[in-house]
Amino acid sequence: MAMAKLVLVLAFFFVQSLTTSLTLPLQATATKSFVSPIQKHRSTLQYIITAYLQTPPKQAKLLVDLAASFTWVNCDDKYFHSTTYKHIPCDYPLADLLGQPACLVNCVDPPGPNCANNSCLLSPVNPIKPIDFTRSDPIAAALIDYLALPELINGSSQVGPLEKIRNFIFSCGHTSYLKGLARGVVGLAGFGRSNISIPVQITPHLFAICLSGSKSQPGVAFFGSKGPYNFSPGIDLSSSLTYTPLIVNPVGKDSGVDSKIASPEYYIELTSVRVYNTVVPLNQSLLAINSENGFGGTTISTVAPYTKLESSIYKAVTRAFLKAAASSTYNLTKTTTKPIKPFGVCYTASDIKITKMGPVVPTIDLVLHNKDVVWKIFGSNSMVRIVKKGGVDVWCLAFVDGGVSTTIRGSNWIGSPSIVIGGHQLEDNMLQFDLESMKLGFSSSILSKGTTCSNFKFSTKKI
């Protein structure tokens with residue numbers, strides 16, 4: 001069995017503890033600005049970024065995960081054949097950035113990316129399909145190598161050639177870790193709040209994403225750039241941002257009964273929800289993070305395809321939406337046919353009018369840290385169209401019941417968010433994550449600006 005190669009493992013196996021003490025700024029490996037396309041995968045609804053690893057540079061399709069502490073790629077098969085990778089010795093100062101990594105003292109397999117004596121190990125995570133560690137090694141080698149991304153020229157939105165980022169820290173993975181990921185994906189891009197995520201290895205520690213709802217035209221990620229973010233027809237979205245603080249959940253998913261490990265996820269302070277300008281009555285304790293057990297709060301995810309609401313919040317929001325949609329302004333009646341999972345509220349498509357902001361339905365407002373700071377969710381982000389055989393053609397409210405607060409993320413012993421803002425609600429919205437100032441810039445739907453996230457112009461050369 002593969003785990004036999006771990007002859008001796010030193011140091012406690014909690015690599016995720018690297019999130020406990022994020023100190024900015026770190027010694028950066030790159031001080032330029034970069035850009036890369038993010039493509040929505042048609043069947044899995046996963047968001048995939050294109051990057052380049054190794055020497056010579058080789059294209060890598062990676063799942064975008066805002067909650068991941070580090071990047072990992074499959075080193076088992078024909079993909080990884082770099083001539084420049086290096087392992088991180090257990091006694092090397094750089095190992096401190098990894099938190100408390102495991103250490104492989106003697107490797108009995110042939111030397112390679114996943115096997116070296118006295119080398120640090122990390123524990124990759126697959127957020128789509130949990131890795132079966134009874135059949136796979138739970139840990140893999142930490143490596144240093146080149147990452148290459150297209151450069152953003154002179155602080156503009158002009159895309160230049162690939163530029164190497166030296167000494168990029170990431171982890172190997174195994175083929176078995178790829179289960180559930182979109183076809184052609186070779187690993188995961190870690191965007192989370194940690195010492196070795198992609199945005200923290202680029203200075204300034206800041207990134208922005210604009211996810212495209214198109215399954216053929218990509219959106220875009222910016223690294224190390226505060227703007228301008230120029231989209232056709234000549235629109236700078238950096239000037240359209242409203243800001244709210246990013247907050248830290250001190251009890252993340254990797255916490256133990258006796259140890260608290262801060263979450264690598266990005267939380268925001270949501271104080272209320274409005275539907276059609278009416279405040280939805282909610283249990284306010286669910287909107288705050290409990291510092292003792294980490295329950296509650298609102299986080300942002302590129303892995304969840306739709307926004308998840310804790311059960312009581314889901315029921316309250318859907319009741320408010322049904323009432324507003326039935327008013328004389330909209331005159332909509334919920335379909336009586338069997339619900340289309342995972343959605344609970346749907347309307348016949350022919351009954352709904354369409355504008356540039358999508359289906360004409362009640363607007364949902366996420367009121368943040370200040371009553372005047374509001375993330376507006378219009379029909380393009382609140383509704384999803386479902387067309388099936390047999391004449392089914394409906395628009396469904398694109399929010400799902402996440403269960404009670406202790407099970408929204410499937411854990412019985414650590415905290416979970418009450419609200420997870422999912423990918424569909426992020427599409428055609430500009431989001432800027434400033435890790436130095438700990439604030440989120442958001443635009444609400446850019447359809448109101450006359451553009452979309454697919455309107456960023458990459459060079460004609462295939463990236």
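Note that the UniProt record's numbering gives residue 450 to position 450 of the sequence shown, counting from 1, and the numbers run on in steps of one.
Cβ coordinates follow ideal geometry from the N, Cα and C atoms, glycine included.
Please read these numbers as outputs of a predicted model, since none were measured by experiment.
Quiz prompt | Buried versus exposed call for Thr-203 [16 or more other C-beta atoms within 10 Å across all chains shown] | solution = Position 203 of the sequence shown, counted from the first residue, corresponds to residue 203. By the Cβ neighbour-count rule, Thr-203 is buried, with 16 or more other Cβ atoms within 10 Å of its own.
Quiz item: Would you say the region 271-281 touches the region 363-374, given that touching needs at least three Cβ pairs under 8 Å?
Solution: Touching, yes.
Practice problem: Using beta-carbon positions only, say whether Gly-296 and Pro-417 come within less than 9 Å of one another. | Solution: Counting from one through the sequence shown, the residue named residue 296 turns up at place 296. Counting from one through the sequence shown, the residue named residue 417 turns up at place 417. Going by C-beta atoms, Gly-296 is nearer than 9 Å to Pro-417.
Quiz item: Excluding the five sequence neighbours on either side, which residues of its own chain have a C-beta within less than 6 Å of the C-beta of Asp-434, listed in chain order?
Solution: One-based indexing of the sequence shown puts residue 434 at position 434. Hits under 6 Å: Leu-206.
Practice problem: State the start and end residues of the unbroken alpha helix (DSSP H) segment that holds Asn-381. | Solution: Locating residue 381 in the sequence shown gives position 381, where the first residue counts as 1. 379-382 is the span of the alpha helix (DSSP H), which, as asked, contains Asn-381.
Self-check item: Beta-carbon gap between Phe-34 and Phe-222 smaller than 9 Å
Solution: Here residue 34 is taken as the residue at index 34 of the sequence shown, counted from 1. Here residue 222 is taken as the residue at index 222 of the sequence shown, counted from 1. In contact: Phe-34 and Phe-222 (Cβ atoms closer than 9 Å).
Quiz item: Going by C-alpha distance, which of Cys-396, Leu-94 and Lys-61 is nearest Thr-336?
Solution: On the sequence shown, residue 336 is found 336 positions in, with the first residue counted as 1. Checking every option, the nearest Cα to that of Thr-336 belongs to Cys-396.
Self-check item: Whole-angstrom distance between Cys-115 and Asp-109, CA atom to CA atom
Solution: Counted from its first residue, the sequence shown places residue 109 at position 109. Counted from its first residue, the sequence shown places residue 115 at position 115. Distance from the CA of Asp-109 to the CA of Cys-115, rounded to the nearest whole angstrom, comes to 7 Å.
Exercise. Would you give the residue range spanned by the alpha helix (DSSP H) that Lys-297 belongs to?
Key: Position 297 of the sequence shown, counting from 1, holds the residue named residue 297. At residue 297 the sequence reads Gly, which differs from the Lys that was named. Looking at the DSSP string, Gly-297 is not in any alpha helix (DSSP H), and its letter there is neither H nor E.
Quiz item: Going by alpha carbons, who is nearest to residue 550 out of Lys-449, Ile-352, Gly-450 and Phe-456?
Solution: An answer regarding residue 550 cannot be provided, because it is not within the stretch 1 to 463 covered by the chain.
Quiz item: Are Met-430 and Ser-238 closer than 9 Å when you measure CB to CB?
Solution: Here residue 430 is taken as the residue at index 430 of the sequence shown, counted from 1. Here residue 238 is taken as the residue at index 238 of the sequence shown, counted from 1. A contact, by the Cβ cut-off of 9 Å.
Self-check item: Buried versus exposed call for Phe-80 [16 or more other C-beta atoms within 10 Å across all chains shown]
Solution: Looking up residue 80 in the sequence shown gives position 80. Phe-80 is buried by the Cβ-count criterion.
Quiz item: Within 10 angstroms of its Cβ, does Ser-411 collect 16 or more other Cβ (buried), or is it exposed?
Solution: Here residue 411 corresponds to residue number 411 of the sequence shown, with the count starting at 1. Because the pLDDT at Ser-411 is just 48, under 50, the model does not fix this residue reliably, and the value given afterwards should be weighed accordingly. Its Cβ having fewer than 16 others within 10 Å, Ser-411 is exposed.
Quiz item: Since Ile-247 is in the beta strand (DSSP E), which residue starts that stretch and which ends it?
Solution: One-based indexing of the sequence shown puts residue 247 at position 247. Looking at the DSSP string, the run of the beta strand (DSSP E) that includes Ile-247 is 242-247.
Exercise. Just tell me which of Phe-458, Leu-440 and Asp-428 has its CA closest to the CA of Gly-450.
Key: Counting from one through the sequence shown, the residue named residue 450 turns up at place 450. If we check each option's Cα against that of Gly-450, Asp-428 comes out closest.
Exercise. Please check the pair Phe-70 and Ser-197, which I expect to be a contact at CB under 8 Å, by giving their CB distance rounded to whole angstroms.
Key: Within the sequence shown, numbered from 1, the residue matching residue 70 stands at position 70. Within the sequence shown, numbered from 1, the residue matching residue 197 stands at position 197. Contact holds; Cβ gap of about 6 Å.
Self-check item: Integer Cβ distance of Leu-62 from Gly-252, believed to fall under 8 Å
Solution: Position 62 of the sequence shown holds residue 62. Position 252 of the sequence shown holds residue 252. Not quite, the Cβ-Cβ distance comes to about 22 Å (not below 8 Å), so this is no contact.
Practice problem: Quick one: give me the first and last residue of the alpha helix (DSSP H) that Phe-321 is part of. | Solution: Here the question's residue 321 lines up with position 321 in the sequence shown. Residue range 311-325 is occupied by the alpha helix (DSSP H) that includes Phe-321.
Quiz prompt | Under 9 Å between C-beta atoms of Gly-403 and Glu-310 | solution = Counting from one through the sequence shown, the residue named residue 403 turns up at place 403. Counting from one through the sequence shown, the residue named residue 310 turns up at place 310. Going by C-beta atoms, Gly-403 is nearer than 9 Å to Glu-310.
Quiz item: For residue 464 versus Ser-36, is the C-beta spacing smaller than 9 Å?
Solution: Lying before the first or after the last residue shown, residue 464 is absent from the chain, which here runs from 1 to 463.
Quiz item: For Thr-299 versus Tyr-266, is the C-beta spacing smaller than 9 Å?
Solution: Within the sequence shown, residue 299 is the residue found at index 299, counting from 1. Within the sequence shown, residue 266 is the residue found at index 266, counting from 1. For Thr-299 and Tyr-266, yes; Cβs fall inside 9 Å.
Self-check item: Under 9 Å between C-beta atoms of Leu-211 and Leu-426
Solution: Residue 211 sits at position 211 when you count from the first residue of the sequence shown. Residue 426 sits at position 426 when you count from the first residue of the sequence shown. In contact: Leu-211 and Leu-426 (Cβ atoms closer than 9 Å).
Quiz item: Residues in its own chain within less than 6 Å of Ala-208 by CB, not counting five upstream and five downstream?
Solution: Counted from its first residue, the sequence shown places residue 208 at position 208. Excluding positions up to five away in sequence, the list reads Phe-222 and Gln-432.
Quiz item: If you check the beta carbons only, do Ser-454 and Gln-217 fall under 9 Å apart?
Solution: Along the sequence shown, one-based indexing puts residue 454 at 454. Along the sequence shown, one-based indexing puts residue 217 at 217. Yes, these two residues count as a Cβ contact at 9 Å.
Practice problem: Return the CA-CA distance between Leu-162 and Leu-147, expressed in angstroms with no decimal places. | Solution: The residue given as residue 162 occupies position 162 in the sequence shown. The residue given as residue 147 occupies position 147 in the sequence shown. Roughly 10 Å separates the two Cα atoms.
Practice problem: Tell me whether Pro-150 is buried or exposed, calling it buried when 16 or more other Cβ atoms sit within 10 Å of its Cβ. | Solution: For the purposes of this step, residue 150 is taken as residue 150 along the sequence shown, with counting starting at 1. Its Cβ being crowded by 16 or more others within 10 Å, Pro-150 is buried.
Quiz prompt | Buried versus exposed call for Lys-308 [16 or more other C-beta atoms within 10 Å across all chains shown] | solution = The residue given as residue 308 occupies position 308 in the sequence shown. Buried is the call here.
Quiz prompt | Between the CA atoms of Cys-107 and Asp-91 - distance to the nearest angstrom | solution = Taking the first residue of the sequence shown as position 1, residue 91 is located at position 91. Taking the first residue of the sequence shown as position 1, residue 107 is located at position 107. Straight-line Cα distance between these residues: approximately 16 Å.
Practice problem: Report the option in Asp-254, Lys-32, Tyr-347 and Ile-128 whose CA atom is closest to the CA atom of Arg-166. | Solution: One-based indexing of the sequence shown puts residue 166 at position 166. Out of Asp-254, Lys-32, Tyr-347 and Ile-128, Lys-32 has the C-alpha closest to the C-alpha of Arg-166.
Quiz item: Any idea which residues DSSP pairs Cys-120 with across the strands?
Solution: As a working mapping, residue 120 is identified with position 120 in the sequence shown. Its beta-bridge partners are Cys-103.
Self-check item: Assigned exposure category for Leu-22 - 16 Cβ within 10 Å defines buried
Solution: By 1-based counting over the sequence shown, the position of residue 22 is 22. Model confidence at Leu-22 stands at a pLDDT of 39, short of 50, so the residue's coordinates are unreliable and nothing is read from them.
Quiz prompt | Backbone secondary structure at Asn-455 - three-state DSSP | solution = Stepping through the sequence shown from its first residue, residue 455 is reached at position 455. If DSSP states are grouped into helix, strand and coil, Asn-455 belongs with the helices.
Exercise. Kindly indicate which three-state DSSP category Pro-25 falls into: helix, strand or coil?
Key: Here residue 25 corresponds to residue number 25 of the sequence shown, with the count starting at 1. Legend: pLDDT at Pro-25 = 32, less than 50; position of this residue unreliable, no value from coordinates given.
Quiz item: DSSP on Ser-272, reduced to helix/strand/coil?
Solution: Start at 1 with the first residue of the sequence shown, and residue 272 comes out as number 272. Reduced to three states, the DSSP call for Ser-272 is strand.
Practice problem: Would you mind stating whether Pro-305 and Leu-66 have Cβ atoms separated by less than 9 Å? | Solution: Within the sequence shown, numbered from 1, the residue matching residue 305 stands at position 305. Within the sequence shown, numbered from 1, the residue matching residue 66 stands at position 66. Not closer than 9 Å, so no.
Quiz item: Cα-Cα, which of Ile-128, Phe-191, Asp-132 and Asp-96 is closest to Cys-120?
Solution: Taking the first residue of the sequence shown as position 1, residue 120 is located at position 120. The candidate whose alpha carbon is nearest that of Cys-120 is Asp-96.
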